[in-house]
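Peer 1:
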Amino acid sequence: MSKKAPEWQNANPERTDMKDALNKTKKLTEMYLVILKERKLHWEAHLAAEAEKEKENNG
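Under our numbering, the first residue of the sequence shown is numbered 721, with each subsequent residue one higher.
#1: Kindly indicate which three-state DSSP category Glu776 falls into: helix, strand or coil?
#2: May I have the straight-line CA-CA distance separating Leu756 from Glu770, to the nearest angstrom?
#3: For Glu764, which residues in the same chain have their Cβ closer than 7 angstroms to its Cβ, ignoring the five residues on either side in sequence?
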């Protein structure tokens with residue numbers, strides 16, 4: 721008689737835990753990118769206002 725292979729060996733492995741971790745990392749990275757863009761805009765506006773103020777004081 722031939723020995724029957726266990727059922728788990730025939731199934732395709734699914735790594736949903738790894739997929740979920742990668743998707744959560746991607747989402748976190750996208751949120752962090754939004755924060756960095758907002759900070760960049762804030763600092764650009766701050767530096768522009770500071771330059772304008774300096775120009776008014778000197779001019």
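Glycine included, every Cβ here is placed at the ideal spot set by N, Cα and C. Treat the numbers as computed from the prediction; the structure is a model and nothing was measured.
Peer 2: Answer, in terms of the structure:
#1: helix
#2: 21 angstroms
#3: none
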